[in-house]
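**Q**
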Amino acid sequence: MASEAVKVVVRCRPLNEREKELGSKMVVTMDSARGQCFIQKPGGLDDPPKQFTFDGAYSLGHTTEQVYNEIAYPLVEGVTEGYNGTIFAYGQTGSGKSFTMQGILDPLSQKGIIPRAFEHIFETVQCAENTKFLVRASYLEIYNEDIRDLLGADTKQKLELKEHPEKGVYVRGLSLHTVHSVAQCERIMETGWRNRSVGFTLMNKDSSRSHSIFTINMEIFAVDERGQDHLRAAKLNLVDLAGSERQSKTGASGERQKEATKINLSLSALGNVISALADGRCKHIPYRDSKLTRVLQDSLGGNTKTLMVACLSPAADNYDETLSTLRYAHRAKNIRNKPRINEDPKDALLREYQEEIKKLRAVLAEQMNANHLSAGLSHLLPPEPVQQEKPAPPPEAQPDVEAEKQLIREEYEKRLAQLKADYEAEQESRARLEEDISALRNSYDVTVSALEETLRKEAGGRQWGRTAPWATARLV
Amino acid sequence: MATPTGWASLCDKFRSSLSLSTVESKKDPENEPYRSKYSARELLEEIRQLLGSEEAGEAEGDEAAARLRAARLAVLEYELGVNHTDTQERSAGEEHLVKCIELLQRHRLSRDCVCLYIQAQNSLGILWSERDDIKTAQTYLESAEVLYNQYMKENGNPPLDPNEHFMAEEERLTDQERSKRFEKAYTHTLYYLAQVYQHLEMIEKAAQYCHTTLKRQLEYSGYYPVEWALNAATLSQYYLTKQCFMESRHCLAAASVIFSQAGQAPSAEDNETEQDQQDLCQRKAEIARCWIKYCLNIVQGARKLLEDNIGELDPDRQSELKAQRKKEEDEKERGRKKAVLFGTSDLCDSILAMEEKVSCVFPLDFQEAREVFLVGQNYVNEAKDFFQVDGYVTDHIEIVQDHSALFKVLAFFEEDYERRCRMHKRRVDMLEPICADLNPQYYLLISRQLQFELADTYYEMMDLKVAIGNRLEELDSHTIKKINSLAQLAIKFYELFLDSLRNPDKVFPEKLEEDVLRPAMVAKFHIARLYGKLITSDGKKQLENMQTSLEYYTFLVDYCEKHPDAVQAIETELELSREMVGLLPTRMERLRVKLSSFT
C-alpha cells in the first residue's frame, strides 16, 4: 500500500453496431504495454494525436477478467485485510461503463468488476479460519449536493454528513444492511439503483449531477495463534461518478473543475470564481469541498487504495466527450488528500549541528594526534581549533604529549583568547571576525583550511557569524 | 408609425414572448425542453416581420425616428440571438446578435441604445466563451466596458431599458429603475470579465474585477448578505496569497459587517428552520476561519522578515523595519486604499470600525504580535464553537492547528525562554489529546501531521530547556530530568510518525513515497540527534544512546545510497549524517576505552 496516489486505468469499448452502420471512424488507439492512450482529432489529421499515459490502458482485446486481475484484485484483497479501497467508474453515457462495472455473464470472462469484487469478498469470508466477518452494505446518492439513502425507509430524506474521531466520516442515519452472499449483495444493489433520482433517460442533463456510492463495510474479527482478538474494519466504495456530459464540480478531487473556458452566467457563482483565485496553502476557502469529496476523504490518500476506471468510446462523433474524459482521468491521477506535513526549516538546528560536529572532530583529533594514531586516520580527522568560548576539555590528560606541540597549542590559545576579546568588542562586524578566525586557523594548520571548505559547502552558504545562544559544548 | 391598436398588439406579443422564454420555459417537460422558447421565437419573428413591412419606407430621413426604428429592430435581434443561443443554435444566435450590434453601431452612445448594446456585447462574450474562444469573448466584453465608461462620462443619464422599446408610454420605467437595470448589465460585464481574466490566467486582474463586482453588488443592493459576506471573506484569502494585508482586512471587515446585518434582519417569513440557523452559524464560523488565517499570515509574514539566518529575531532588522515603517506609513497606503473601498458612507464607517480592531501592517515586536495573536485567538474560539470535534473532526483539527501555529509564531517574538517554552507547552496541550483520540485508519494524514508537529514542538521545548540550563552555573538534576523527558517525548512522536509509514505487515517501506520522504528522513535525523542529546552519567547508557543515534544516522546514509534520487530532498541532513557516521564510532571507541580503564 505504498502508493497514495490514485491509480487510473482507461478502457475503450469497440465501435457499436450503430456506429459501424454510420461508418464512424475510430479516433482512439491504445498502447497497452505502455499504458498509453492516443486520441486523434477527427478531420485534424495534420495534428499529431494527443497522448495520455495511465496505470493501465485496455482496449477491445482485453477482458474484464484481465482488468480485474491486474488492477482491481489487489485493491479488493486489501479490503479483506482491513484497508479501505475505492473504485470509481467514470465515463459518458454509452461509453461502456456498465459493461465494465456490471458486465455480462456470457462469456464469463466479461463478468463485471462489481460482481467480481463481491465474489472476491465472500470467497475470503468463506475460506478464512479463526476469523469472523460482518459484511454490511449501504448505498447512497449525492444529487445536487444532497445526500440520500437509496436503501433507506425514506429515500427522499436528506441526510447529514458528519465526522467522528474514531469512526471517520459518516452519513448520519444511513442504513446498513447485513449481507451474507453475492446474490444478496447484488439484490440490494439492484434495489438501490432503482431508487436513484435519475433513471436511464437518455440525454437527461441532470443525470450528470448524480453520484452514487455503494459501500461494503467489512468488520473482521480474528483470533491469532496466541488467542488474542483483533478487530479490524474496512470499506470498499464503489462509486459511480456523475457523467462527463457536464461537470460543474469535479467529483473526486474537490478541486474545482476548470471548465474549459466557459463563463458562468449567474452572479450566484461569483463565489466559485473567487474561490478559484485563492489557491495555495495557509488559506481558508469556505465551502470548497463537494459532498462527494468529503464522503470519500478517508479514501483518497493514506493507507487506502483508489482506482479509477475511465470508460471511453472510440467513435469520432464522441471525440469531445472522450477527450474530456481523458483529461479528467489524467487529472485524477494527481488527486491526493490535502494534508501535508508542514515542516519548518530548522536552520538553527542544522547550524548547531555543524558546530558540534566541528567540536567533536577537534576533540577526537586532538586525542588521536596525541596518541600518535595512524596517519591515515588523522588525515580523516584533522586537528581543529574550537571557536567556542568553552571548548570541551580533553577528557583525559595524556602523559606523553610532546613539548613542541604543547608550545604551539599555548601560542594558539593565547591568540584565540585575544580574538575572543575582539569578538566581544566587535559584535556587529561578525564578518570580519570570521575572517580573522579563519586566517588564524590557516596559520595553525594547513589541513584545517581544506576541511573548512568542505564544511562551508555543507552549510550551503549559511553564514557562520553567530552561534545560537544555546549551542554550547556542555552537552556534547 | 403603426396604428395605435396595431402597436399595442405588437407590444403584447413582445411581452408574451418574454414571459414565454423566462417564465413558461422553466415548466417545459423533459422531452420538449425548448417548447416555450420555440414559441417565443415564433412571436419574435412575427413582430420583426410586421415591423419590417410596416415601417420600411416611412421613417427615412428623420434621425430620431431612424434611431428608434433601429433600436426596436435591434431589440428583436437581441432577443432572437439570446433565444437561439439558449436553444443550442449558436451560429444563428451569433448572427442575430451581430446584427443587433450593427443596427446600433451609430447610436450606441444614445440613451435609447447604450444599455441594449452592452447587453448584446455581454451575450456575444458568453457565446464566444462557450466556443472556447476566450480571446474573442474578451474583445466583446472589454468593448462593453469601454462603452459604459464613455457613456457615463459623456452623458450619464439613466438610459432606457431595451424592453421599454416595446412598452406603452405610461408603462415606461422610472429613471431609478432604468439606472438600476443599466448598472446591473454593466455589473455582469465586469463579472464576465473577471472570469475571462481568470481563464486567461490573469489572476490579479480577475481578482480586481471580482472585487469590483462585489463592490457594485453592494452599491446597487443586488446581493444576499450571507452570500456576499462569504464571497468577500473568500476574496480576502486571495489577497493573503499576495500579501496584500490591507485589502485582505478590508474584505474581512466588510464580510463581518455585512454578515452581522444578515443576522439582525431575520427573513421576512420568520419560518427559519433549524437547518437555516445551523447554516448561518456555519457561515459565521467560516468567516471567523478566514480571519484566523489573516492573523496567522500577517504574523508569519512578519517573522519571515525579522528572522536571521538561524531563525531568531534579528534586532538590527527589527529597528530597520520600524524606521522604514514610520516613513512609509502615510503616503503609500492611503492611495492604495481608495480604489478598493467597499460601501457607502455609513456602511463604510462600520467597516472602518471593524478594521481598527486589528492591524494590517506587519507586527514588529512582541507587543504588536500579541495584539494580532489575541484577535486570532478570539476567532479560533468562535470557529471552534461551531466546528466541534464531534461532527466536524477535520475542520476542528484544522482550526486547532491554526491555533497552535499562532502560538508558535508568537513564541518567535518572545524573548524570555521560560515563557516561550510555556507557549509551546500550550501547543502540546491542545494537539496531544486530539492526536490520541484520532483513528489513524480514517485520519491517517492528519494523524501524521499532528504526530510530526508534536515531535517538533517537544524538540523545540527541549532545546529551550537546554538553553535555559546552559545559563545556569551547573545543570541541576531537575533540569536534566526535564530535558531528558522532553527529548524522549519528541522521540516518541517521531517514532509514531515513522510507524504510520509501515505497511500492513508492519514493515518499513523499501522506498518512501515522495510526499513523506523528507518528513521521514527528517524524523530519522532528529531522532538520531535526540539520542545524542540525552544526558546520562551512566557511561554504558551513554554508549547505548550513541549506538542508537549511530543506527539512525546510518539509516539515512544507507537509504540515500540505495535511492540516490532521495539525496536532493535532504542534502544538508545527509552530509551531517555522513559525518556523524564517520565520527561516532571513534568517539564510542574512546568512551569504551575510558569505561574499561575505570573498571
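Going down the list, the sequences are from chains A and B.
Its first residue numbered 1, the first sequence is counted upward by one per residue in the working numbering.
Its first residue numbered 1001, the second sequence is counted upward by one per residue in the working numbering.
Note that the Cβ used here is the ideal one computed from N, Cα and C, for glycine as well.
Just so we're clear, the structure is a prediction, and the values are computed from it rather than from any experiment.
(1) What does DSSP give as the partner residue(s) for V169 of chain A in the beta ladder?
(2) When you compare the CB of C1290 of chain B with every CB in chain A, is at least one pair closer than 8 Å?
(3) Is there a Cβ of chain A sitting closer than 8 Å to that of L1297 of chain B, yes or no?
(4) Let me check one thing: in DSSP terms, what residues is F1452 of chain B bridge-paired to?
(5) Quick check: the Cα distance between T1189 of chain B and Y1223 of chain B, rounded to an integer number of angstroms?
(6) So, does the CB of N1381 of chain B fall closer than 8 Å to a CB anywhere in chain A?
(7) For the alpha helix (DSSP H) holding C1560 of chain B, just list the boundary residues, first then last.
(8) Would a check of beta-carbon distances place K1293 of chain B closer than 8 Å to chain A?
(9) With 8 Å set as the bound, which would you pick, yes or no: does the beta-carbon of I1047 of chain B sit closer than that to a beta-carbon of chain A?
(10) Counting only beta-carbon atoms, is M1546 of chain B nearer than 8 Å to chain A?
(11) Assuming L1043 of chain B and S1016 of chain B form a contact by the criterion Cβ under 8 Å, report the distance between their Cβ atoms to the nearest whole angstrom.
(12) Is V9 of chain A helix, strand or coil by DSSP?
(13) On the three-state DSSP scale, how would you describe C1244 of chain B?
(14) Please name the residue in B:W1007, B:A1040, B:D1175, B:D1463 whose C-alpha comes closest to that of N1083 of chain B.
(15) Considering only the alpha carbon of each residue, which of A:R361, A:Q354, A:S324, A:Y328 lies closest to K41 of chain A?
(16) Would you kindly check if the distance between the Cβ of A1528 of chain B and the Cβ of S1500 of chain B is under 8 Å?
(17) Three or more C-beta pairs under 8 Å: does that hold for the segment 99-119 of chain A against the segment 156-168 of chain A?
(18) For the beta strand (DSSP E) that contains F221 of chain A, what are its first and last residues?
(19) What does the alpha-carbon distance come out to for the pair E1164 of chain B and G1156 of chain B?
(20) Quick check on this structure: which residue in A:A332, A:I357, A:L292 has the alpha carbon closest to the alpha carbon of R148 of chain A?
(21) Helix, strand or coil: which one does DSSP assign to K1482 of chain B?
(22) Can you tell me which residues form a DSSP beta bridge with V28 of chain A?
(23) Listing by chain order, which chain B residues have their CB less than 7 Å from the CB of R351 of chain A?
(24) Can a CB atom of chain A be found closer than 8 Å to the CB of T1572 of chain B?
(25) Grab me the residues of D146 of chain A's own chain with a C-beta within less than 6 Å of its C-beta, minus the 5 sequence neighbours each way, in chain order.
(26) Would you please state the rounded distance, in angstroms, between the beta carbons of G168 of chain A and D298 of chain A? I believe it to be under 8 Å.
(27) By the three-class DSSP mapping on this structure, what secondary structure does G1006 of chain B have?
(28) Would you say the beta carbon of E1415 of chain B is closer than 7 Å to some non-hydrogen atom of the ligand NAP?
(29) Relative to the C-alpha of E1589 of chain B, which candidate in B:G1539, B:V1557, B:F1555, B:I1570 has its C-alpha closest?
(30) Bridge partners of L150 of chain A, per DSSP?
(31) Can you tell which of B:L1010, B:G1052, B:L1583 has the C-alpha that lies nearest to the C-alpha of A362 of chain A?
(32) Could you give the first and the last residue of the continuous alpha helix (DSSP H) run that contains I1527 of chain B?
(33) In three-state DSSP terms, what is Q92 of chain A?
(34) Reducing DSSP to helix, strand and coil, say where T1273 of chain B ends up.
(35) According to DSSP, T191 of chain A sits in a beta bridge with which residue or residues?
(36) Is the CB of R1420 of chain B under 8 Å away from at least one CB in chain A?
**A** Checking against the coordinates, here is how it stands:
(1) Partner(s): A:E163.
(2) Taking Cβ atoms only, chain A reaches closer than 8 Å to C1290 of chain B, which makes this a yes.
(3) For the sequence presented, residue 1297 of chain B should be read as Asn rather than Leu. Between N1297 of chain B and chain A, the shortest Cβ-Cβ separation is below 8 Å.
(4) According to DSSP, F1452 of chain B bridges with nothing at all.
(5) The straight-line gap from Cα to Cα measures roughly 16 Å.
(6) Contact with chain A is absent for N1381 of chain B, since none of that chain's Cβ atoms lies less than 8 Å from the residue's Cβ.
(7) 1539-1562 is the extent of the alpha helix (DSSP H) around C1560 of chain B.
(8) Proximity of K1293 of chain B to chain A, defined by a Cβ-Cβ separation below 8 Å, is satisfied.
(9) At a cut-off of 8 Å, the C-beta of I1047 of chain B has no neighbouring C-beta in chain A.
(10) Answer no: the Cβ-Cβ gap between M1546 of chain B and chain A never drops below 8 Å.
(11) Yes, L1043 of chain B and S1016 of chain B are in contact; Cβ-Cβ is about 6 Å, under 8 Å.
(12) If DSSP states are grouped into helix, strand and coil, V9 of chain A belongs with the strands.
(13) If DSSP states are grouped into helix, strand and coil, C1244 of chain B belongs with coil.
(14) Residue B:A1040 is the option with its Cα nearest to N1083 of chain B.
(15) Distances from the alpha-carbon of K41 of chain A to those of A:R361, A:Q354, A:S324, A:Y328 put A:S324 closest.
(16) No, the pair does not count as a contact, with Cβ atoms beyond the cut-off.
(17) No: fewer than three Cβ pairs fall under 8 Å.
(18) Unbroken beta strand (DSSP E) run through F221 of chain A: 210-223.
(19) The straight-line gap from Cα to Cα measures roughly 18 Å.
(20) For the residues A:A332, A:I357, A:L292, the minimum Cα distance to R148 of chain A belongs to A:L292.
(21) In the structure shown, K1482 of chain B sits in a helix (DSSP, three-state: H, G or I).
(22) Looking at the DSSP output, V28 of chain A sits in a beta bridge with A:I39.
(23) Neighbours of R351 of chain A on chain B, chain order: I1310.
(24) Yes, T1572 of chain B counts as interfacial toward chain A.
(25) Here the set comprises K158.
(26) Their Cβ separation, rounded to whole angstroms, is 5 Å, which keeps G168 of chain A and D298 of chain A in contact under 8 Å.
(27) The DSSP-derived three-state label of G1006 of chain B is helix.
(28) Absence of the ligand NAP from the depicted structure is noted, as is the absence of any ligand whatsoever, leaving it without description.
(29) For E1589 of chain B, the closest alpha carbon among the candidates B:G1539, B:V1557, B:F1555, B:I1570 is that of B:G1539.
(30) Bridge partners of L150 of chain A: none, in fact.
(31) With respect to the C-alpha of A362 of chain A, the residue from B:L1010, B:G1052, B:L1583 having the closest C-alpha is B:L1583.
(32) Looking at the DSSP string, the run of the alpha helix (DSSP H) that includes I1527 of chain B is 1514-1533.
(33) Under the three-state reduction of DSSP output, Q92 of chain A falls in the coil class, being neither helix nor strand.
(34) Here T1273 of chain B carries a coil assignment [DSSP, helix/strand/coil].
(35) T191 of chain A is not bridged to any residue.
(36) So no, R1420 of chain B is outside the interface.
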